[in-house]
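>
Protein chains: 2
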Amino acid sequence: MKKIKVFSPASIANLSCGYDVLGVCLENIGDEITVKKTKNKGVTIKNIQGQNLSTDISKNVAGVSAIALLKETNIDYGFEIKIKKGIKPGSGIGSSAASSAGSVFAINKLIGEPFSRKELIKFAMEGEMIASGYRHADNVAAVLLGGFTFVRNSVMHDYFKLNTPIELAFAVIHPKIELKTKDSRAVVKKNVTITDMVSQSANLGAFVSGLYTENYELIGKSMNDIVIEPMRSILIPKFYETKSACLSEGALSCGISGSGPSIFALCKGVSKANNVANRMKEIYNKLDLEYDVFVSCVNDQGVKVLKFK
Amino acid sequence: MKKIKVFSPASIANLSCGYDVLGVCLENIGDEITVKKTKNKGVTIKNIQGQNLSTDISKNVAGVSAIALLKETNIDYGFEIKIKKGIKPGSGIGSSAASSAGSVFAINKLIGEPFSRKELIKFAMEGEMIASGYRHADNVAAVLLGGFTFVRNSVMHDYFKLNTPIELAFAVIHPKIELKTKDSRAVVKKNVTITDMVSQSANLGAFVSGLYTENYELIGKSMNDIVIEPMRSILIPKFYETKSACLSEGALSCGISGSGPSIFALCKGVSKANNVANRMKEIYNKLDLEYDVFVSCVNDQGVKVLKFK
Numbered sequence: 031m032k033k034i035k036v037f038s039p040a041s042i043a044n045l046s047c048g049y050d051v052l053g054v055c056l057e058n059i060g061d062e063i064t065v066k067k068t069k070n071k072g073v074t075i076k077n078i079q080g081q082n083l084s085t086d087i088s089k090n091v092a093g094v095s096a097i098a099l100l101k102e103t104n105i106d107y108g109f110e111i112k113i114k115k116g117i118k119p120g121s122g123i124g125s126s127a128a129s130s131a132g133s134v135f136a137i138n139k140l141i142g143e144p145f146s147r148k149e150l151i152k153f154a155m156e157g158e159m160i161a162s163g164y165r166h167a168d169n170v171a172a173v174l175l176g177g178f179t180f181v182r183n184s185v186m187h188d189y190f191k192l193n194t195p196i197e198l199a200f201a202v203i204h205p206k207i208e209l210k211t212k213d214s215r216a217v218v219k220k221n222v223t224i225t226d227m228v229s230q231s232a233n234l235g236a237f238v239s240g241l242y243t244e245n246y247e248l249i250g251k252s253m254n255d256i257v258i259e260p261m262r263s264i265l266i267p268k269f270y271e272t273k274s275a276c277l278s279e280g281a282l283s284c285g286i287s288g289s290g291p292s293i294f295a296l297c298k299g300v301s302k303a304n305n306v307a308n309r310m311k312e313i314y315n316k317l318d319l320e321y322d323v324f325v326s327c328v329n330d331q332g333v334k335v336l337k338f339k
Numbered sequence: 031m032k033k034i035k036v037f038s039p040a041s042i043a044n045l046s047c048g049y050d051v052l053g054v055c056l057e058n059i060g061d062e063i064t065v066k067k068t069k070n071k072g073v074t075i076k077n078i079q080g081q082n083l084s085t086d087i088s089k090n091v092a093g094v095s096a097i098a099l100l101k102e103t104n105i106d107y108g109f110e111i112k113i114k115k116g117i118k119p120g121s122g123i124g125s126s127a128a129s130s131a132g133s134v135f136a137i138n139k140l141i142g143e144p145f146s147r148k149e150l151i152k153f154a155m156e157g158e159m160i161a162s163g164y165r166h167a168d169n170v171a172a173v174l175l176g177g178f179t180f181v182r183n184s185v186m187h188d189y190f191k192l193n194t195p196i197e198l199a200f201a202v203i204h205p206k207i208e209l210k211t212k213d214s215r216a217v218v219k220k221n222v223t224i225t226d227m228v229s230q231s232a233n234l235g236a237f238v239s240g241l242y243t244e245n246y247e248l249i250g251k252s253m254n255d256i257v258i259e260p261m262r263s264i265l266i267p268k269f270y271e272t273k274s275a276c277l278s279e280g281a282l283s284c285g286i287s288g289s290g291p292s293i294f295a296l297c298k299g300v301s302k303a304n305n306v307a308n309r310m311k312e313i314y315n316k317l318d319l320e321y322d323v324f325v326s327c328v329n330d331q332g333v334k335v336l337k338f339k
């Protein structure tokens with residue numbers, strides 16, 4: 031294999047009750063990453079379509095993750111990367127994770143797959159470090175493993191995939207304001223009461239139970255964030271109005287996607303998710319603010335090969 | 031049915047990673063509660079064997095829970111309760127929960143089962159309120175539902191049963207010092223950092239996942255308490271020495287049972303649990319302190335009828 035093109039999808043981290051723990055992989059929206067082998071060693075980024083991002087490999091997440099991977103190999107050739115961004119940076123649906131994970135997934139294929147998808151997570155986390163200032167695995171685990179993923183301990187590289195109830199579908203609105211993960215983390219207070227810790231962790235545990243037992247009602251009511259959402263929602267226009275509209279339309283839950291500003295609503299069934307997406311649009315149409323809305327089932331496969339030669 | 035005798039078992043709350051959330055029901059150790067119908071309305075406690083406890087129905091947990099149940103019925107007769115305590119109060123293995131849950135379970139049977147086992151939890155919680163000053167459901171849910179139980183929200187009466195991997199077995203040591211739940215709660219600090227909340231909740235979620243996937247390694251490593259155990263362990267003699275010995279003997283995990291002073295070790299297989307129980311004894315034999323040690327599989331049935339007429 032000399033050249034490969036992969037599709038690296040968007041993802042939603044946190045999912046209300048699992049701050050820095052939960053992630054889910056989405057369909058359709060994502061980055062296309064093409065990597066070809068070069069005679070000269072090292073990594074170059076030839077071009078980036080769709081977004082104005084640095085092609086400096088020490089600043090671009092796809093370059094940083096690729097270098098991290100290659101440090102653990104003995105490859106005597108190099109790689110040229112082209113990126114077609116389908117996700118806007120700062121949208122809260124895993125833009126950096128898609129490029130970071132897509133790059134290492136493609137290179138791993140080109141060098142004969144010495145690493146498993148799970149082993150690639152640690153390299154992709156280096157891209158997240160450059161993008162947001164901390165090594166979080168919640169988005170990249172979702173992109174690489176697919177489905178709903180759980181980060182027990184990112185330092186110990188302890189992450190795994192959960193069960194995916196087949197009827198779940200997301201409606202997502204991305205209000206076009208840029209919110210850097212760094213800034214969105216800054217508004218999160220440093221301490222919580224034990225009482226709030228118990229409630230928040232009970233919701234996370236109940237959500238996990240709901241996924242395995244495919245109990246949609248339990249999944250929905252457990253996606254409740256009493257710690258982070260009250261702080262971060264102030265950065266997102268019409269957050270509570272949107273949430274209230276989604277829930278009254280029958281969404282199982284609604285919350286902030288990752289560090290925002292995107293808002294997700296989880297629904298039972300694509301048809302319901304389409305209705306909920308329309309309610310999101312109605313609210314944002316009243317504002318003088320551009321937005322994107324899309325609907326996605328859970329992508330149980332994760333990043334995938336589009337073509338190779 | 032005029033008279034019924036039930037066996038109401040011991041239970042372990044918290045299970046390291048699920049403070050105020052998790053519980054598990056044990057076998058063999060428990061209270062025997064006999065209830066007979068009386069012509070005169072109201073509840074009396076005729077006698078209590080095995081422990082010196084009040085027979086005043088407003089002070090005894092079995093009386094308090096019974097009264098709470100009867101308030102929601104229109105029964106024109108009464109009940110006389112006899113209790114044979116198999117669990118020492120203040121041991122940390124659900125003494126009050128066993129009496130409280132056993133009493134309402136027995137009375138519910140005598141009056142034709144208007145309530146489900148789950149519906150009985152709220153009445154049994156009133157007994158817990160008298161015993162420890164707060165309405166916690168973690169022990170009583172385990173006794174009434176059996177197996178591993180999860181309290182998502184005790185105020186909303188939202189609790190459910192988890193999956194029970196069949197090979198799990200507990201070794202438990204009860205050092206004979208009395209530790210009131212009230213006092214043991216007093217040493218718990220009021221706040222935690224967000225970082226600790228994330229770690230603690232990640233362990234709870236991972237533990238739940240481990241139960242469903244029957245992943246014994248994940249179950250063990252997730253039973254890690256970085257918030258409560260460091261504070262409460264100071265009240266328990268030789269806690270860390272015991273924990274270390276249990277883990278080196280091959281226990282999956284070791285922690286404080288409920289609010290202590292009992293220490294539990296979770297093992298894969300009864301034979302391993304027996305070996306671990308012996309290590310517990312070795313450590314406590316060096317102290318001038320009485321103790322009980324026992325081994326138990328998970329009791330998936332919960333409180334049960336022994337006989338009736």
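As given, the protein sequences belong to chains A and B, one line each in that order. Under this note's numbering, residues 31 to 339 are what the first sequence spells out, in order. Under this note's numbering, residues 31 to 339 are what the second sequence spells out, in order. Note that the Cβ used here is the ideal one computed from N, Cα and C, for glycine as well. The structure displayed is predicted, hence computed values, not measured ones.
So if DSSP puts Asp-61/B in a beta bridge, which residue, or which two residues, is it bridged to?
Here residue 61/B is taken as the residue at index 31 of the second sequence, counted from 1. DSSP lists Ser-38/B as partners of Asp-61/B.
> Going along the chain, which unbroken runs of the beta strand (DSSP E) with 3 or more residues stay wholly within the segment 149–228 of chain B?
Runs found: 178–183, 188–191, 198–205, 221–223.
> With burial defined as no fewer than 16 other Cβ atoms inside 10 Å of the residue's Cβ, what is the status of Leu-317/B: buried or exposed?
For the purposes of this step, residue 317/B is taken as the residue at position 287 of the second sequence. Classification for Leu-317/B: exposed.
> Go through its chain and collect everything with a Cβ distance to Asn-233/A's Cβ below 6 Å, but skip five positions before and after it.
Looking up residue 233/A in the first sequence gives position 203. Excluding positions up to five away in sequence, the list reads Cys-47, Ser-252, Asn-254.
> Look at the Cβ atom of Val-257/B, then the Cβ atom of Val-228/B, and state whether they are nearer than 8 Å.
Within the second sequence, the letter at position 227 stands for residue 257/B. Within the second sequence, the letter at position 198 stands for residue 228/B. Contact: no.
> Which stretch, first to last residue, makes up the beta strand (DSSP E) that contains Tyr-321/B?
Numbered from its first residue, the second sequence carries residue 321/B at position 291. Its beta strand (DSSP E) spans residues 321–327.
> Determine the extent of the beta strand (DSSP E) in which Val-51/B is found, giving its start and end residues.
Locating residue 51/B in the second sequence gives position 21, where the first residue counts as 1. Taken as a continuous stretch (DSSP letters only), Val-51/B belongs to no beta strand (DSSP E), as it is neither H nor E.
> Which same chain residues end up closer than 6 Å to Thr-64/B when comparing Cβ atoms and leaving out the 5 residues on each side of it in sequence?
As a first step, residue 64/B is located in the second sequence; it is residue number 34 there, counting from the start. Excluding sequence neighbours, Thr-64/B sits near Lys-35, Lys-112.
> Among the candidates Gly-72/B, Ile-249/B, Ser-146/B, whose CA atom is the shortest distance from the CA of Lys-298/B?
If you number the second sequence from 1, residue 298/B lands on position 268. Comparing Cα positions, the closest option is Ile-249/B.
> In the DSSP assignment, find the unbroken alpha helix (DSSP H) run with Thr-272/A in it and report its ends.
For the purposes of this step, residue 272/A is taken as the residue at position 242 of the first sequence. Element bounds for Thr-272/A: 269–278.
> What does the alpha-carbon distance come out to for the pair Ile-59/A and Phe-269/A?
Position 29 of the first sequence, counted from the first residue, corresponds to residue 59/A. Position 239 of the first sequence, counted from the first residue, corresponds to residue 269/A. In a straight line, the C-alpha of Ile-59/A is about 22 Å away from that of Phe-269/A.
> Can at least three beta-carbon pairs, one atom from the segment 262–276 of chain B and one from the segment 155–172 of chain B, be found at a separation below 8 Å?
Short answer: they don't touch.
> Take Ile-266/B and list the residues in its own chain whose beta-carbon comes closer than 6 Å to its own, dropping the five residues that flank it on each side.
As a working note, residue 266/B is residue 236 in the second sequence. For Ile-266/B, where only same-chain residues beyond five positions count, the Cβ hits under 6 Å are Gly-290, Pro-291.
> Just confirm the distance between the C-beta atoms of Phe-237/A and Ala-295/A, as a whole number of angstroms; I'd bet it's less than 8 Å.
Here residue 237/A is taken as the residue at index 207 of the first sequence, counted from 1. Here residue 295/A is taken as the residue at index 265 of the first sequence, counted from 1. Wrong, their Cβ atoms sit about 15 Å apart, outside the cutoff.
> In angstroms with no decimal places, state the Cα-to-Cα distance between Ala-167/A and Val-333/A.
What you label residue 167/A is simply residue 137 of the first sequence in a count that begins at 1. What you label residue 333/A is simply residue 303 of the first sequence in a count that begins at 1. Ala-167/A and Val-333/A: Cα-Cα distance of roughly 15 Å.
> For Ser-184/B and Ser-130/B, which I take to be in contact (beta-carbon distance under 8 Å), what is that distance rounded to the nearest angstrom?
Locating residue 184/B in the second sequence gives position 154, counting from the first residue. Locating residue 130/B in the second sequence gives position 100, counting from the first residue. With a Cβ gap of about 14 Å, Ser-184/B and Ser-130/B do not count as contacting.
> Taking C-beta to C-beta, are Ser-239/A and Phe-178/B nearer than 8 Å?
Residue mapping note: residue 239/A aligns to position 209 of the first sequence, counting from 1. Residue mapping note: residue 178/B aligns to position 148 of the second sequence, counting from 1. Contact flag unset, no.
> With DSSP collapsed to three states, give me the class of Asn-82/A.
Along the first sequence, one-based indexing puts residue 82/A at 52. Three-state DSSP puts Asn-82/A in coil, outside helix and strand.
> Put Ser-121/B into one of helix, strand or coil per three-state DSSP.
Counting from 1 along the second sequence, the entry for residue 121/B is found at position 91. Note: Ser-121/B maps to coil in three-state DSSP.
> Suppose the cutoff is 6 Å on Cβ atoms and the five residues either side in sequence are ignored; what does the same chain contact list for Cys-327/B look like?
Sequence index remark: in the second sequence, residue 327/B carries index 297 (1-based). Contacts found: Glu-57, Ala-199.
> What did DSSP end up calling Gly-240/B once you bin it into helix, strand or coil?
Taking the first residue of the second sequence as 1, we reach residue 240/B at position 210. Three-state result, Gly-240/B: helix.
> Three Cβ pairs or more, each shorter than 8 Å: is that satisfied between the segment 140–147 of chain B and the segment 87–106 of chain B?
Yes: at least three Cβ pairs fall under 8 Å.
> Could you please tell me which residues of the segment 205–223 of chain B, in chain order, have their CB closer than 8 Å to any CB of chain A?
Taking 8 Å as the Cβ-Cβ cut-off against chain A, the residues of the segment 205–223 of chain B that qualify are Val-218, Lys-219, Lys-220, Asn-221, Val-222, Thr-223.
> Can you find at least 3 beta carbon pairs, one from the segment 305–321 of chain A and one from the segment 304–315 of chain B, that sit closer than 8 Å?
With the cut-off at 8 Å, the segment 305–321 of chain A and the segment 304–315 of chain B do not touch.
> Suppose the cutoff is 6 Å on Cβ atoms and the five residues either side in sequence are ignored; what does the same chain contact list for Ile-203/A look like?
Taking the first sequence and counting its residues from 1, one reaches residue 203/A at position 173. Cβ within range, chain order: Ile-293, Met-310, Tyr-321, Val-323.
> I want to verify the contact list: residues of chain B whose CB lies under 8 Å from the CB of Phe-180/A, in sequence order.
In the first sequence, counting from the first residue as 1, residue 180/A sits at position 150. Those within 8 Å of Phe-180/A in chain B are Ala-232, Gly-235, Ala-236, Ser-239.
> Once you ignore the five residues that flank Asp-330/B on each side, which residues in its own chain have a CB closer than 7 Å to its CB?
Stepping through the second sequence from its first residue, residue 330/B is reached at position 300. Correct list, in chain order: Gly-176, Gly-177, Thr-194.
> Against chain A, with Cβ distances strictly below 8 Å, would Asn-183/B count as a contact?
Here residue 183/B refers to the residue found at position 153 when the second sequence is read from its first residue. Taking Cβ atoms only, chain A reaches closer than 8 Å to Asn-183/B, which makes this a yes.
> Could you compute how far the alpha carbon of Glu-62/A sits from the alpha carbon of Lys-114/A?
The sequence position of residue 62/A within the first sequence is 32, counting from 1. The sequence position of residue 114/A within the first sequence is 84, counting from 1. If I take the Cα positions, the gap works out to 5 Å.
> In terms of DSSP beta bridges, what is Ile-105/B paired with?
Taking the second sequence and counting its residues from 1, one reaches residue 105/B at position 75. Ile-105/B pairs with nothing; no bridge assigned.
> Nearest chain B C-beta to Leu-192/A closer than 8 Å, yes or no?
Locating residue 192/A in the first sequence gives position 162, counting from the first residue. Yes, Leu-192/A lies at the interface with chain B (some Cβ there is under 8 Å from its Cβ).
> Leaving out five residues before and five after Ile-287/B in sequence, what residues of the same chain have Cβ atoms less than 6 Å from its Cβ?
Walking along the second sequence from the start, residue 287/B turns up at place 257. Reading the sequence as shown, one finds Ser at residue 287/B and not Ile. Correct list, in chain order: Ile-42, Gly-122, Ile-123, Phe-294.
> Looking at the structure shown, is Gly-132/B part of a helix, part of a strand, or coil, going by DSSP?
Here residue 132/B refers to the residue found at position 102 when the second sequence is read from its first residue. In the structure shown, Gly-132/B sits in a helix (DSSP, three-state: H, G or I).
> Run through DSSP, which three-state label would Asn-138/B get?
As a working note, residue 138/B is residue 108 in the second sequence. Three-state DSSP puts Asn-138/B in a helix.
> In this structure, does DSSP put Lys-251/B in helix, strand or coil?
Residue numbering aside, residue 251/B sits at position 221 when the second sequence is read from its first letter. Here Lys-251/B sits in helix by DSSP.
> Indicate the three-state DSSP secondary structure (helix, strand or coil) for Ser-316/B in the structure shown.
Translated into the one-based positions of the second sequence, residue 316/B becomes position 286. According to the sequence as given, residue 316/B is Lys; it is not Ser. Here Lys-316/B sits in coil by DSSP.
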